[in-house]
Every structure is written in C-alpha cells, then in structure tokens.
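Numbering (our numbering), first residue to last: 28 to 458.
Think of the CB as a built atom: it goes at the ideal place given N, C-alpha and C, for glycine as much as any other residue.
In what follows, a single structure is set out as structure tokens and then discussed.
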C-alpha cells in the first residue's frame, strides 16, 4: 500500500492511495475518516478482480466531517482464502488536521496608475497563506513575504497586449489548499506601440544564419533558416527568461532609478511590431521587446542597478547576454555583447561595467539590446529610468502599506522636494 498525506487537509486536497494484493486480487478497498465517533467512508471499491487498485477522494464538508484533528485510515481485503483470517485492521493510518476555512486576504495598497507594457506592485495581507500571487488573465506573478507577519509584496507586469477589462486579482492559498481571491483596482492608461519594417539583405542572412543555425540542412534556404531563428529561437529565449525568473531574490536588491548607459540613443522601441521583408515580400512579423541602444562600437555596458548576476552566456537571438536579478522578480537583460566581465553569482553595483556592446546574435550592427523583465515578462525600460515613476508607482504603495523601500518597515523615502509621495491605497477585506 502506497500513499502520503499532508498534515493539513482541505476540501480540495486529493486523497490518493494505491492498494496492491500480495496474493489473489483486491476484494475491498476503502478510505475512512475517523473523528471521535463512527468512521465516515469517503471512497470505496469492491469485487474488483485486480491485484492493484487506486483509490482517490476529496473531503466534502457537507458530508458531516468537521474542522479539527482527524485520522485517515485505508482499509483493504483480498480474496485469497486463509484458514485464519486474522483481526481486521487498517493497512495505513494518518493523523491529520482538517481545515476548510479560506485564508484571510486583504489588498492593502497597489500601484494607482498602470499602462500596457508597464509594471505595478501590490501589497497584501494574506494571514496564514502559504503562497499568494497576482493574476492578470492567464498570467501569474508570485508575491513575497516582506515586513510584518502575513504581509506580502509582489511586482507584476501588465502585458503590452493587455485587453482592457481583464481583471486584476490576487489569489492566496493556505497549506490545506483553501483559496481566497480579491480583485484590485488601478487605472489603466492608454499606450500605443510603434510598427517598423526591416528589410533582410542577402549579406545579413549569409552572415547571421550560419552563426545562429550551424546545423542548417543544406536544402534549406537562408530565408527559411532565418525564420527558424526568428521564430523558434526567439521563443526559446522567452522560455529561458521565464526559467530564470524563478531564481529571483525574495527582497528588493535595487536602489533608486535604473541607469541608462551614457551617450546612448534609443533606435528601436519596446513592443515595436516588426515586419520582416525579403526582396519585396513580407516573410515574418515579430514583437521586439526592450530597447536597442547605440553609442560607439564595443562601448562599456553598465549594470542598470544593484543586483546579482543570474545568467551569462549565449541566449539564441540575443547572442552573448547577461541577466542581472534585482529581486522580487525584477531583472535586466543585456544582449548582443562582444565580451562579458562577470559570472553567475557575482554581486554588481549600479554603473559597474559588466560587458561591452557588440554584434552577436541577431544584430544588424554594434549595439546593446536592453530589457527590463518582471517575472520573465518584458516591460518598458522607460518607467524604470524614471526616479519619480519608481517613487510614485513602486515605493509609494509600499510606503502606503507602512513598508520602507526595501520592505523592512524603514522610514519613508523622501523626494527631492523633501516630502514623501503618497500612493493611493486600495483596501478590500473579506474572508
């Protein structure tokens, strides 16, 4: 007989066991719940004719079970004849606590104004929740325990293609699997994104396709090879960003505004829809995340803020790349580098040189591809370059919840004018 149970069990906790007969077949298998009086049978199978049986059930509070201590017992009997059947007893027994009450969940403060392709922050009080996250449509963004017990803070990204009216909500779940959900507000401001057309030359294809697709089949054209790179390798890079996001620190590592490299000019914009043309024919359309920043060849690349290096190495279309973790799911990505000067695990400071610009990856010339990521989702860097935006939209909600900029309940940060910038709190409490 195999199976394990958590110590806390709720109405949605699966009770799953496998019963195997050493001889003959399983004649009867039951899951029983014992709470003082007569046991309640929550799952039963009999006359099965099989040597292996799987039992599965969940507990229905309406069936008479109640919150508090209980014993889950698994009973089974085979059909093998024995002259002395013995005393019936459970094959397995587990001491558990039943809990059917959802965690208390309160939204304390949120970023008051949002825009597609932008970031926001929410502060919640989640009681005894084991985990809580922000949900925007099908996207989920975790929160982290910061400040007083039960308080959690989470960054989230509003996708560039956010559909107006999509609910913003926080969900909390306790150890027994009970859940609570609360919607929260925030005015969504309009934002438009540019479109561009990129002409593919034979010289570019002959240079980049062999570099990024070294095992290209001889029968495949350079254009078809480019499409593999531009579609499949681009998708692989997006998946890697999501994988890196789970390694983030559970507290803010950054301080103040993020740094734009000196003397750089933005020549490709965030969430710019690019149509790729070859000899007058449209061959592909993709969305460009981040900014392309140009200055001089092999220019120094500074870390945008304090953090820990999470990734160094080739990253498909981005060529040689570095990803720096700034905590709470906030990361920056630096692509197309000609050289790197850090390794994974290094702590870096704002302005510290971490590499040099280059042409690696799917780059048409020497430049830096720069992204800001929130839990692996790219957001516009422009917000994070703006000290006032960070104060109003990120630090402000933390201050409104009684937390300092690092989530430690420290004294409120001052603006250049000498006073704190208030945030609009959003309060909703229920059980």
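By how many angstroms is the C-alpha of residue j removed from the C-alpha of residue i?
| i | j | result |
| --- | --- | --- |
| residue 456 | residue 404 | Any reading at residue 456 needs caution, since the residue's pLDDT is 34, under 50, leaving its predicted position unreliable; the model's value is listed next. About 29 Å. |
| residue 58 | residue 109 | 24 Å |
| residue 78 | residue 51 | 6 Å |
| residue 240 | residue 252 | 7 Å |
| residue 163 | residue 401 | 13 Å |
| residue 97 | residue 63 | 8 Å |
| residue 335 | residue 293 | 26 Å |
| residue 393 | residue 191 | 38 Å |
| residue 47 | residue 195 | 47 Å |
| residue 86 | residue 198 | 22 Å |
| residue 95 | residue 129 | 15 Å |
| residue 244 | residue 225 | 25 Å |
| residue 411 | residue 140 | 15 Å |
| residue 326 | residue 422 | 32 Å |
| residue 174 | residue 273 | 21 Å |
| residue 322 | residue 286 | 15 Å |
| residue 264 | residue 396 | 13 Å |
| residue 202 | residue 36 | 8 Å |
| residue 343 | residue 364 | 12 Å |
| residue 44 | residue 68 | 14 Å |
| residue 430 | residue 242 | 53 Å |
| residue 388 | residue 413 | 29 Å |
| residue 82 | residue 118 | 13 Å |
| residue 298 | residue 223 | 11 Å |
| residue 428 | residue 280 | 19 Å |
| residue 345 | residue 362 | 5 Å |
| residue 383 | residue 193 | 41 Å |
| residue 70 | residue 104 | 14 Å |
| residue 143 | residue 186 | 6 Å |
| residue 207 | residue 233 | 55 Å |
| residue 54 | residue 93 | 30 Å |
| residue 406 | residue 184 | 7 Å |
Which partner residues of residue i appear in the DSSP bridge assignment?
| i | result |
| --- | --- |
| residue 302 | 224 and 312 |
| residue 350 | 338 and 360 |
| residue 210 | 196 |
| residue 102 | 57 |
| residue 258 | According to DSSP, residue 258 bridges with nothing at all. |
| residue 490 | Only positions 28 to 458 of the chain appear in this structure, which leaves residue 490 out of reach. |
| residue 246 | None, per the DSSP bridge assignment. |
| residue 40 | DSSP output for residue 40 lists no bridge partner at all. |
| residue 121 | 99 |
| residue 381 | Residue 381 is not bridged to any residue. |
| residue 345 | In the DSSP output, where bridge partners are listed per residue, residue 345 has none listed. |
| residue 181 | 149 |
| residue 367 | 382 |
| residue 84 | 42 |
| residue 404 | 401 |
| residue 168 | 161 |
| residue 47 | 79 |
| residue 287 | Looking at the DSSP assignment, residue 287 forms no beta bridge with any residue, so it has no partner. |
| residue 10 | The question about residue 10 has no answer here: the residues shown for the chain are numbered 28 through 458. |
| residue 35 | 124 |
| residue 215 | 141 |
Does the Cβ of residue i have 16 or more other Cβ atoms within 10 Å, making it buried, or fewer, making it exposed?
| i | result |
| --- | --- |
| residue 236 | buried |
| residue 216 | exposed |
| residue 398 | buried |
| residue 352 | buried |
| residue 33 | exposed |
| residue 212 | exposed |
| residue 88 | exposed |
| residue 333 | buried |
| residue 270 | exposed |
| residue 171 | buried |
| residue 408 | buried |
| residue 289 | exposed |
| residue 418 | buried |
| residue 229 | exposed |
What are the start and end residues of the alpha helix (DSSP H) that includes residue i?
| i | result |
| --- | --- |
| residue 270 | 261-272 |
| residue 233 | 229-239 |
| residue 426 | 423-427 |
| residue 409 | 408-411 |
| residue 414 | 414-417 |
For residue i, report the span of its beta strand (DSSP E) as first-last.
| i | result |
| --- | --- |
| residue 395 | 395-401 |
| residue 320 | 318-321 |
| residue 187 | Per DSSP, residue 187 belongs to no beta strand (DSSP E) and is neither H nor E. |
| residue 297 | Note, residue 297: premise wrong, no beta strand (DSSP E); not H, not E. |
| residue 137 | 132-137 |
| residue 327 | 327-329 |
For residue i, would you say it is in contact with chain C, using Cβ-to-Cβ distances shorter than 8 Å as the test?
| i | result |
| --- | --- |
| residue 172 | Of the protein chains in the structure, only one exists, and it is not chain C. |
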